[in-house]
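The opening residue of the sequence shown carries number 334 in my numbering; numbering runs sequentially from there.
Glycine included, every Cβ here is placed at the ideal spot set by N, Cα and C.
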Amino acid sequence: MKVVLLTLCFALGVLAQDQYESANDNFDISEVIGNDRLLHAYANCLLNKGPCTPEVKQVKEKLPEALETRCAKCTDKQKQMGKALAQEVKKNHPDIWKQLVAMYDPQGKYQQAWKDFLQE
334 MKVVLLTLCF
344 ALGVLAQDQY
354 ESANDNFDIS
364 EVIGNDRLLH
374 AYANCLLNKG
384 PCTPEVKQVK
394 EKLPEALETR
404 CAKCTDKQKQ
414 MGKALAQEVK
424 KNHPDIWKQL
434 VAMYDPQGKY
444 QQAWKDFLQE
């Protein structure tokens with residue numbers, strides 16, 4: 334669901350106390366959005382189809398919690414990056430979007446919460 338790519342937004346964070354670490358909040362999301370090869374590589378990591386960079390591996394580890402909590406521990410910057418990535422993938426890479434949703438939300442239990450989150 335829309336969440337999945339939200340993961341890429343935290344591209345990036347190691348769990349801190351109340352929020353994910355903001356050390357990578359300066360990550361240039363436009364670099365991923367504008368580069369199909371990079372976007373596919375990140376998606377392959379999330380889908381267990383390819384190797385992971387350390388940043389995306391951290392995202393992958395935090396994804397289940399982020400989905401459950403509607404990204405409650407995400408910084409504002411991470412939420413902004415996640416929304417941008419989710420919108421890009423859903424619109425321009427629907428095949429990847431479907432795979433991510435099937436893997437991370439197969440029962441659709443996060444669908445409404447993430448729909449609301451992405452429209453905030």
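*asked:* Using only CA atoms, which one of T408, A419 and F450 lies nearest to N359?
replied: The count along the sequence shown starts at 1 and reaches residue 359 at position 26. Checked all of T408, A419 and F450; the closest Cα to N359 is T408.
*asked:* Just to confirm my understanding: we take I429, look at its own chain, exclude 5 residues before and 5 after, and list those with CB closer than 6 Å. What are they?
replied: Indexing the sequence shown from 1 puts residue 429 at position 96. If we look at I429 and ignore the five residues flanking it on each side, its Cβ neighbours are A376 and V422.
*Report yes if the C-beta distance between Y353 and K406 is below 8 Å; otherwise report no.*
Residue 353 sits at position 20 when you count from the first residue of the sequence shown. Residue 406 sits at position 73 when you count from the first residue of the sequence shown. Contact flag set, yes.
*Indicate the three-state DSSP secondary structure (helix, strand or coil) for Y375 in the structure shown.*
Numbered from its first residue, the sequence shown carries residue 375 at position 42. The answer is helix: DSSP assigns Y375 an H, G or I state.
*Tell me whether Y353 sits in a helix, a strand or coil according to DSSP, three-state version.*
Translated into positions along the sequence shown, residue 353 becomes position 20. The answer is strand: DSSP assigns Y353 an E or B state.
*For the alpha helix (DSSP H) that A417 lies in, which residues bound it at each end?*
Taking the first residue of the sequence shown as position 1, residue 417 is located at position 84. Element bounds for A417: D409 to N425.
*Compare the C-beta of L371 with all C-beta atoms of chain C and state if any pair is closer than 8 Å.*
The displayed structure is made up of one protein chain only, and chain C is not part of it.
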